[in-house]
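Novice:
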Amino acid sequence: MIISLEDLGLAYRKAKVDLYYSSHVSLEAIAEYEESLHANLTDLLGKIQGDDESWVEENEFTGNWFLATKSVDMTCWEQQREPQANGLIFSSPAEKWTYACNSMAEKNEQKKIKAEFRVMAQCSLDFHVLSTLWMLKVGHLFDAKLSTCAYGNRLRRTLDGKNINSLSIGSFQPYLKPFRDWRDNGINAMRSALSDSKRIVALTADVSSFYHELNPSFMLDPTFVKDILELELTAEQSKLNRLFINALKAWAMETPLKKGLPVGLPASAVVANVALIELDRVIEQQVAPIYYGRYVDDIMLVMENGANFHSMADLWQWLFARSSGKLDWVRGEENKQISFQPTYLNDSQIRFANAKNKVFILAGDPGKTLVEAIAHQIYERASEWRAMPRLPHSSNNVGTDLLAATQSNGEVADNLRKADALTMRRAGFAIKLRDFEAYERDLQPGTWKGHRQAFFRAFIDHVIVLPQFFDLSVYLPRVIRLATACEDFVELRKLIFALENICNEVRDKCLLAIKACPDDNLLSEEEIIGKWRTQLFSSVLEAIVAAFPPRISKVGKQTWNDHLKNWHSRFGLDIEYLGRDFSLKGYQEQQARLFSFDLAHMPFRFIGLPKEMIAQRGIPAPKTVAHCAKAAELLPDNVVFGNQVVAKWCKFKILPHGLLFATRPFSLPELFILNNEAYTASARPEMRVVVLAVRGFVLGNKTPCVDKQGVLQIPDGQSAGKYGVAVSSWKTSMASWTAAVMRSADPDANRYTRLCRVLDGVIAQPHNSRYLILPELSLPAHWFIRIARKLQGRGISLVAGIEYLHASKARVRNQVWASLSHDGLGFPSLMIYRQDKQRPALHEEQELQRLAGLEMKPEKKWTTPPIIQHGDFRFSLLICSELTNISYRAALRGNVDALFVPEWNQDTETFNALVESAALDIHAYIIQCNDRQYGDSRIRGPFKDSWRRDVLRVKGGITDYCVIGEIDVHSLRQFQSSYRSPGKPFKPVPDGFEIEHSRKMLPEG
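Sequence positions in the sequence shown follow full-length UniProt numbering and run 1 to 1005.
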């Protein structure tokens, strides 16, 4: 194993993504390192290859540490509270906090509420690169020894699971699916056992202060590495392992804890995972449970209650007897703390506190009821995440919503873990914040200012107060970015000054502590506050820089100068960032710099996507993009070449850092959008190269592709036979249509909210739809992908008419887009298909010319309607007036199961006759979706019985809605496959009808 500069380039590429998604990232440190990336990595390579190993213990390499909020412990106040205060309720959290502090002071001057901080790593970028290199070369060997019961923080591997994937985005598998699998597999095991009439016991537990109490020396212990793991490391691997572990130990010695792993260094997770491998083996082999799963330091154990346990102590005693001495009570703390002490962890303290553990004794129907209650609670929260972004009807209700999401109502009886109450509160707030961020991306700031200002007021009142702030402070940078991106500088000032007030409250009214810190090493309260405050306001500054508008309005400039011009000097940031230009222009230059390295609020890839798909507010001028000069020396040829192709598609003359070292690279649907020829057979090799370089996996042969007959083939699972189709009754006002033509702001402020409400109705339907159709010109292009992804989560494909796309030379395009699910990559994905209306309708042509002197021209011309085979369902798309073209209808006869027709059509009478005729002469389902103001949206089938022909038909109403109908494609094909048409259920096929060969089925006998 010879380490090269290329290895370090790949390690940096992964480390950057890991860091970006960590909770306390220094964007400035990453940008500064990447500006001299070649020199920095060359220097690091020289050290790694040298004989001296002491450099990993130097402070310059290990970096620093800082303090982050952990929790405010209110138990002492709750214990001392007067009985008459139990029913006292404050509407203001700030008043409640003041009352609690004053009550404590009156009773006991020495006693204060405890505010606890956590030591976090602020490692150098060199250390991050070395640790990622360790994962790529050595750490993956340790990770591979873990069994499938270890769910969390597993490294990304190739599809066969045998090797580490060095080209994937980031080092670890995305956290959400493994976490859900860990939890859901446990619940399903309980369900299954109870269904088999078994009496069971379930235990959930977690290790106290796991990272802070775990010393990594065991990773160098030959007994552990060779005997327990049965690993044989080469000399080079042993050296890299030694460098990394010694660096971890050196970092710990620089902290007040003098022990533990760096929280915030991603590779620490691999070490932590491996430390508990013997716990996994003991439980899997000696206990042989119904289910055992571990998510890092959280364990879930389900087993039969044959021993008739009556208490938590009984259960632990039973486990101790089967643990070969590795599990036992902590001496002197019997029934309180459990110790896991294998021989290789002698210098670590791994303890499960009984106060944090839960034991469920379950049997019969009451057991089933409790498990279902837990599952229902999880499902409800998952449903909230699946929902479209939604703000309250009135800005007056924003505070109520936020209060409901963040308040603690005590512990819910059916939580799986003690920690779940806090997790639920955080998730509740995260969902609200996600909704506001979606509005920020999709709408102009002026259209929803009232809601935003109400949100910031509520955030100050209910979150930037004690004790809540310590629980939710991780979301602060996102709220700061939201305010900055929308030029809400008055509210931003209030947020910053509320944070200053919090710092003062903590200093004056709290007893300060550091988690897992020995009393001998505890810093003074002044040092703790100083360290925390510096970190807090540095993160505020970085969030402002990352989201600062490249093109700021006149009002925004004035507001900034009036309220925030020198805010940084108040908090000592001018000293911390000596030489930084804090003028408006300086902020914009810094934002452009972060954007160039894909570290800004707006992802770098947005500069390459078609402008109509992305709001351009946060994207700086293309001339600011930084070029990566020595890419060929830093990365493998296939990565460089693939990104050069993408750069060409994006019309870059250089190879930008933001593409090569992307934190948020192009998604698969976006790559297919960038390449107009993506679905042709000739483009496949190029697409393979690009997807490998950008996403890190190999495109197989089942990717969407146009076959020799010109049909777009999209693999999508098993044949369904019947398909649910949701037909919308959706209104786009004439004022919105005119604004799209004139390239003006949409005057319909409620349009986005209306759309989200309609889509939520489709997502929540128990009778799942496979397709949703929206009318012609119904969606702005930049809303489409977000909506498509949401619907994909429920297995729904979207067909929608897109607002006019403006091209050069006073031309516009009228397109229908279809986001279609597919499984050709081995995992659920979606692709986006775009089709042009070939000619404008007569009235459309006149109005475009009259209003803006525009001419409608297609981007891609076709003479016969394109056909799409989505899984086993074959259909075509025509836009409104194209249905009147008899040659188009003739070309589709026998070739499709259905025809989707999005419309904006006043002449419903003429189209009524056309749709009825088309259903019979094409002999297919016609799915027509017209704008609600004219109506007559329907699914029409070629049935024999006239009463069955309209599968659904909707018209009128003052609100938007969807109706779901079902089309039976299997039955239609069977009917058409007979040489002579049967008597029913459809009308006989028309004269001259020939069914396309691939649609033929075995007819009913």
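For each residue, glycine too, the CB sits at the ideal point set by N, CA and C.
So for K1000, helix, strand or coil by DSSP?
Specialist: For the purposes of this step, residue 1000 is taken as the residue at position 1000 of the sequence shown. Residue state, collapsed to three classes: coil.
Novice: To the nearest angstrom, how far is it from the Cα of L805 to the Cα of W947?
Specialist: Taking the sequence shown and counting its residues from 1, one reaches residue 805 at position 805. Taking the sequence shown and counting its residues from 1, one reaches residue 947 at position 947. Taking the straight line joining both Cα atoms gives about 41 Å.
Novice: Looking only at its own chain, which residues have a Cβ that is under 7 Å from the Cβ of I879, when we skip the five neighbours before and after it?
Specialist: The residue you call residue 879 lines up with position 879 of the sequence shown. Excluding sequence neighbours, I879 sits near E776, G801, N814, V816, K837, P902.
Novice: Can you name, in chain order, every residue of its own chain whose Cβ lies under 6 Å from the Cβ of L883, other than the five neighbours on each side?
Specialist: On the sequence shown, residue 883 is found 883 positions in, with the first residue counted as 1. The answer, listed in chain order, is V901, L914.
Novice: Grab me the residues of V371's own chain with a C-beta within less than 8 Å of its C-beta, minus the 5 sequence neighbours each way, in chain order.
Specialist: The residue labelled residue 371 in the question sits at position 371 within the sequence shown. Correct list, in chain order: I187, M190, R191, L194, L362.
Novice: DSSP has S192 in a bridge; who is on the other side?
Specialist: On the sequence shown, position 192 is the one that residue 192 refers to. Answer is none; S192 lacks a bridge partner.
Novice: Are the beta-carbon atoms of G9 and L41 separated by less than 8 Å?
Specialist: Start at 1 with the first residue of the sequence shown, and residue 9 comes out as number 9. Start at 1 with the first residue of the sequence shown, and residue 41 comes out as number 41. Contact: yes.
Novice: For the UniProt domain "Reverse transcriptase" (161-307), which segments carrying the beta strand (DSSP E) assignment without a break, of at least 3 residues, lie completely within its bounds, in sequence order?
Specialist: Correct list: 200-206, 291-295, 298-304.
Novice: Taking 6 Å as the limit between beta carbons, can you name the residues of its chain near I796, skipping five residues before and five after?
Specialist: Walking along the sequence shown from the start, residue 796 turns up at place 796. Same-chain partners within the cutoff: S769, L772.
Novice: Who are the near neighbours of E440 in its chain, counting only those whose CB is closer than 7 Å to its CB and skipping five residues on each side?
Specialist: In the sequence shown, counting from the first residue as 1, residue 440 sits at position 440. If we look at E440 and ignore the five residues flanking it on each side, its Cβ neighbours are L482, A485, C486.
Novice: Rounded to whole angstroms, what's the CA-CA distance from L892 to V989? Just pull it up for me.
Specialist: Here the question's residue 892 lines up with position 892 in the sequence shown. Here the question's residue 989 lines up with position 989 in the sequence shown. Taking the straight line from one Cα to the other gives about 14 Å.
Novice: Using the beta-carbon count (16 or more within 10 Å), is E34 buried or exposed?
Specialist: For the purposes of this step, residue 34 is identified with residue 34 of the sequence shown, where counting begins at 1. Its Cβ being crowded by 16 or more others within 10 Å, E34 is buried.
Novice: If I514 and L67 are in contact, beta carbons under 8 Å, what's the gap, nearest whole angstrom?
Specialist: The residue given as residue 514 occupies position 514 in the sequence shown. The residue given as residue 67 occupies position 67 in the sequence shown. Going by Cβ atoms, the distance from I514 to L67 rounds to 7 Å, so yes, they are a contact pair.
Novice: Can you say whether F604 is buried or exposed, counting buried as having 16 or more other CB atoms within 10 angstroms of its CB?
Specialist: Stepping through the sequence shown from its first residue, residue 604 is reached at position 604. By the 10 Å Cβ count, F604 comes out buried.
Novice: In angstroms with no decimal places, state the Cα-to-Cα distance between W251 and F469.
Specialist: Position 251 of the sequence shown holds residue 251. Position 469 of the sequence shown holds residue 469. Cα to Cα, W251 sits roughly 29 Å from F469.
Novice: Report the CB separation of H870 from I763 in whole angstroms; it is logged as a contact under 8 Å.
Specialist: Sequence index remark: in the sequence shown, residue 870 carries index 870 (1-based). Sequence index remark: in the sequence shown, residue 763 carries index 763 (1-based). That pair is no contact at about 20 Å.
Novice: Counting along the chain, where does the beta strand (DSSP E) carrying S71 start and finish?
Specialist: Position 71 of the sequence shown, counted from the start, is the residue given in the question as residue 71. From DSSP, the beta strand (DSSP E) with S71 extends over 64-73.
Novice: If you draw a straight line from the alpha carbon of G724 to that of S881, how long is it in whole angstroms?
Specialist: For the purposes of this step, residue 724 is identified with residue 724 of the sequence shown, where counting begins at 1. For the purposes of this step, residue 881 is identified with residue 881 of the sequence shown, where counting begins at 1. Each residue's alpha carbon lies about 26 Å from the other.
Novice: Return the bridge partner residues of R953 from the DSSP annotation.
Specialist: The residue given as residue 953 occupies position 953 in the sequence shown. According to DSSP, R953 bridges with R938.
Novice: Going by DSSP, which residues form a beta bridge with R551?
Specialist: Against the sequence shown, residue 551 aligns to sequence position 551. Bridge partners of R551: none, in fact.
Novice: Return the CA-CA distance between M135 and D297, expressed in angstroms with no decimal places.
Specialist: Within the sequence shown, residue 135 is the residue found at index 135, counting from 1. Within the sequence shown, residue 297 is the residue found at index 297, counting from 1. Looking at the two C-alpha atoms, the distance is approximately 20 Å.
Novice: By the 10 Å Cβ neighbour count, where 16 or more other Cβ atoms means buried, how is S524 classified, buried or exposed?
Specialist: Within the sequence shown, residue 524 is the residue found at index 524, counting from 1. The residue is exposed, with fewer than 16 neighbouring Cβ atoms inside 10 Å.
Novice: Please report how far the alpha carbon of G410 lies from the alpha carbon of E384, in whole angstroms.
Specialist: Counted from its first residue, the sequence shown places residue 410 at position 410. Counted from its first residue, the sequence shown places residue 384 at position 384. Because the pLDDT of G410 is 46, which lies under 50, any placement of that residue in the model is unreliable, and the number read from its coordinates should be weighed accordingly. Their backbone Cα atoms lie some 21 Å apart in a straight line.
Novice: Given that a residue counts as buried once 16 or more other Cβ atoms are within 10 Å of its Cβ, and exposed if not, what is L774?
Specialist: Translated into the one-based positions of the sequence shown, residue 774 becomes position 774. Buried, since its Cβ has 16 or more Cβ neighbours within 10 Å.
Novice: Hey, how far is the Cα of S971 from the Cα of A924?
Specialist: Taking the sequence shown and counting its residues from 1, one reaches residue 971 at position 971. Taking the sequence shown and counting its residues from 1, one reaches residue 924 at position 924. S971 and A924: Cα-Cα distance of roughly 11 Å.
Novice: Determine the closest residue to G721 out of I967, T663, E576, D748, with distance taken between C-alpha atoms.
Specialist: The residue labelled residue 721 in the question sits at position 721 within the sequence shown. If we check each option's Cα against that of G721, I967 comes out closest.
Novice: Using a threshold of 8 Å, state whether the C-beta atoms of D435 and R786 are closer than that.
Specialist: Within the sequence shown, residue 435 is the residue found at index 435, counting from 1. Within the sequence shown, residue 786 is the residue found at index 786, counting from 1. Contact: no.
Novice: Using a threshold of 8 Å, state whether the C-beta atoms of L5 and L634 are closer than that.
Specialist: Within the sequence shown, the letter at position 5 stands for residue 5. Within the sequence shown, the letter at position 634 stands for residue 634. Yes; because the gap between Cβ atoms is below 8 Å, this pair is in contact.
Novice: Going straight from the alpha carbon of L522 to that of D73, what length do you get?
Specialist: Counting from one through the sequence shown, the residue named residue 522 turns up at place 522. Counting from one through the sequence shown, the residue named residue 73 turns up at place 73. Cα-Cα distance, rounded: 18 Å.
Novice: In whole angstroms, what is the alpha-carbon distance linking E500 and Q535?
Specialist: The residue given as residue 500 occupies position 500 in the sequence shown. The residue given as residue 535 occupies position 535 in the sequence shown. Going by the C-alpha atoms only, they are around 13 Å apart.
Novice: Identify every run of the alpha helix (DSSP H) within the segment 865-925, keeping only runs that are complete inside it and at least 4 residues long; order them along the chain.
Specialist: Whole alpha helix (DSSP H) segments, 4+ residues: 886-892, 908-918.
Novice: Please report how far the alpha carbon of D414 lies from the alpha carbon of D471, in whole angstroms.
Specialist: As a working note, residue 414 is residue 414 in the sequence shown. As a working note, residue 471 is residue 471 in the sequence shown. Note that D414 scores a pLDDT of 49, beneath 50, so its modelled location is shaky and nothing firm can be said.
Novice: With three or more beta-carbon pairs closer than 8 Å as the criterion, would you say the segment 636-644 touches the segment 580-596?
Specialist: The answer is no - the segment 580-596 does not touch the segment 636-644, with fewer than three Cβ pairs under 8 Å.
Novice: Taking only three categories from DSSP, how would you classify V969?
Specialist: Position 969 of the sequence shown, counted from the start, is the residue given in the question as residue 969. DSSP places V969 in helix when its eight states are reduced to three.
Novice: For the 8 Å Cβ check, are there 3 or more pairs between the segment 156-171 and the segment 9-18?
Specialist: These segments touch.
Novice: CB-CB under 8 Å to E232, same chain, minus the five flanking residues each way: which ones, in chain order?
Specialist: Mapped onto the sequence shown, residue 232 falls at position 232. Within the same chain, E232 has close Cβ partners K226.
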